[in-house]
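Below is one structure, written out as structure tokens; comments come after it.
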Amino acid sequence: MAKFKKGGGKASPAINTSALPDIIFMLLFFFMVATTSKDIDPMVKVERPKSTETVDLTPFKQRNEIDFVFIGKPLKAKFGDQVRLQLDGQFGDPETIGKWNRVKVDDKGAQIEDVITCLKTDKEVGYGYIYKVKEALRDVKALQVAYGAEQGKPKY
Amino acid sequence: MAKRAIPEINAGSMADIAFLLLIFFLVTTTMDKDTGMLRQMSVKIDVPDNIEIDVRKRNLMKIRANAQNQIMVRTDLTEIPDIKEKIDMFYRANMVSETDGEFPEYLPVNKYTCDTSIAAIDKYLEAVEDQALIEFKMAERSEWEKRLMVINTLKGPYREMHRSAAIQIELQTKTHYEILIAIMNEIKSAINDIRDEKAKEIYGIPYRTMVQKRDLDGKGTLYKDEIALIEVLVPERIVELKPADLQ
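Residue numbers (the working numbering), protein chains in the order written: chain A, 2 to 157; chain B, 1231 to 1477.
Right under this line is the structure:
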């Protein structure tokens, strides 16, 4: 009959963790490559509609040729429930976007014709508001606009 | 001297450092890509009254949507997925030969028409001083130059959709943005399909691929001429009208 050892057994050997940093570094590099830095914290709710015909705006972003504008209802109730524009970290209106756009373009030292303004709009915003924003941009000759949309099959 | 063994450096906290970095990146970055639909708006100019604009019904594709998300294409109530087919018809009906009087006509463009048109504009420009009018005419002139370029590349005349043919989108102030995107999606996918076909015919590479490669190119000069040519052959003229109920 086999004998079983009783009590005072060997301590289990320590697991070799020398490869752990490598694993974590791998994860780190994956995230560094697969994500983009978020530079603006949204102050308005933006749920993007889907479309199959979108263009990836990352190359324009890397070349600093694009400005982002958010359009939607404020996330915090104290700012009201009317649709607002978010220009960087501030609330704005169609009346102020022209000036903001000019300042942004001048800061970059770019030509206004080369700069795209991306309107990241919530899907429930009415077209009237978007039209007003677009007209304001047209007035300052910022003619290139991108309608923000997510890549995917549209709901309809 | 006796050779001493170099003591091993304790790398146990390496993982902690890596974790710290990892968490930093997780917090400061976002996963979703910025994607969107590019639109080129037209320059605001006062069109002088004496310039005649020929807009016939056959050359217009009017898409309307109301706040209840009902969509009308020309005179028919339409569901969104059916718009694509209608746009396709709008472009292709008379593309090869004149067959349908309901859709835009295609006119032959040759070197002679381009040259005479440019000459006529140049002559007209000499006499005018109104800045708005000059800008308007200069835009027209560059259109003709593009056509000339197409003729030179294709080494012969081509058929072009009527110059006033356009797709108009008319929405109401309360129509959701989502509907605009859905309509735009249908229009773009119809046009891009036709452009893909043309580009494959001429260059053996789809239009969408060329655009993608151009955008990734740092200087933005890759396929520039090819894309310009396809865009002249299959023009995208989408006009967003002012909502009728906007104050």
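By construction, the Cβ of each residue, glycine as well, lies at the ideal position given by its N, Cα and C atoms.
Please read these numbers as outputs of a predicted model, since none were measured by experiment.
_Buried or exposed by the 16-neighbour rule on C-beta atoms within 10 Å, applied to Gln-145 of chain A_ = Taking every protein chain shown into account, the CB of Gln-145 of chain A has 16 or more other CB atoms within 10 angstroms, so this residue is buried.
*If you drop the 5 nearest sequence neighbours on each side, which residues of the same chain put their C-beta closer than 6 angstroms to that of Arg-1467 of chain B?*
Ala-1396
_Please classify Glu-1390 of chain B as buried or exposed, where buried requires at least 16 other C-beta atoms within 10 Å of its C-beta._
buried
*Three-state class that DSSP yields for Leu-120 of chain A in the structure shown*: strand
*asked:* Mapping the DSSP letters down to three states, classify Pro-1311 of chain B as helix, strand or coil.
replied: Residue state, collapsed to three classes: helix.
_Lys-79 of chain A to Glu-151 of chain A span [Cα, whole Å]_ = 29 angstroms
*asked:* Run through chain A and tell me which residues come within less than 9 angstroms of Gln-1402 of chain B, C-beta to C-beta.
replied: Gly-127, Tyr-128, Gly-129
*If you run the structure through DSSP and keep just helix, strand and coil, what is Val-104 of chain A?*
helix
*Neighbour list for Val-146 of chain A in chain B, Cβ cutoff strictly below 7 angstroms*: Arg-1269, Met-1271
*So which residues of chain A does Ser-1419 of chain B contact, with C-beta pairs closer than 8 angstroms?*
Thr-53, Glu-54
*Taking Cβ positions, are Lys-121 of chain A and Glu-48 of chain A nearer each other than 7 angstroms?*
no
*asked:* Measuring alpha carbon to alpha carbon, tell me which residue in A:Ile-98, A:Ala-111, A:Leu-88 is nearest Asp-42 of chain A.
replied: The candidate whose alpha carbon is nearest that of Asp-42 of chain A is A:Leu-88.
*Between Glu-1373 of chain B and Gly-127 of chain A, what straight-line distance do the alpha-carbon atoms span, to the nearest angstrom?*
34 angstroms
*Buried or exposed for Phe-69 of chain A, please, with buried defined as at least 16 other CB atoms from any protein chain shown within 10 angstroms of its CB.*
buried
*Where Tyr-132 of chain A falls: helix, strand or coil (DSSP)*: helix
*Out of A:Lys-77, A:Lys-154, A:Ile-98, point me to the one whose CA is closest to Val-134 of chain A's CA.*
A:Ile-98
*Within chain A, partners of Met-1244 of chain B - CB distance below 7 angstroms*: Pro-22
*In terms of DSSP beta bridges, what is Ile-1397 of chain B paired with?*
B:Met-1291, B:Ile-1468
_Could you check whether the Cβ of Leu-1446 of chain B sits closer than 7 angstroms to any Cβ belonging to chain A?_
yes
*Determine the extent of the alpha helix (DSSP H) in which Thr-1439 of chain B is found, giving its start and end residues.*
1437-1446
_Beta bridge counterpart(s) of Lys-51 of chain A as assigned by DSSP_ = A:Glu-151
_Per-residue contacts from Ala-1458 of chain B into chain A (C-beta, under 7 angstroms)_ = Chain A residues near Ala-1458 of chain B: none, gap ~16 angstroms exceeds 7 angstroms.
*Along the chain, where does the alpha helix (DSSP H) that runs through Phe-1333 of chain B open and close?*
Per DSSP, Phe-1333 of chain B belongs to no alpha helix (DSSP H) and is neither H nor E.
*7 angstroms CB neighbourhood of Phe-61 of chain A in its chain, flanking five on each side removed*: Counting only residues of its own chain and dropping the five nearest sequence neighbours on each side, Phe-61 of chain A has a CB closer than 7 angstroms to the CB of Ile-67, Ile-117.
*asked:* If you measure between the beta carbons of Leu-1444 of chain B and Asp-1426 of chain B, is that distance less than 7 angstroms?
replied: Looking at the sequence provided, one finds Arg at residue 1444 of chain B rather than Leu. Result no, Cβ atoms of Arg-1444 of chain B and Asp-1426 of chain B do not sit closer than 7 angstroms.
*For the segment 71-90 of chain A, which residues have a CB atom closer than 7 angstroms to at least one CB atom of chain B, in sequence order?*
none
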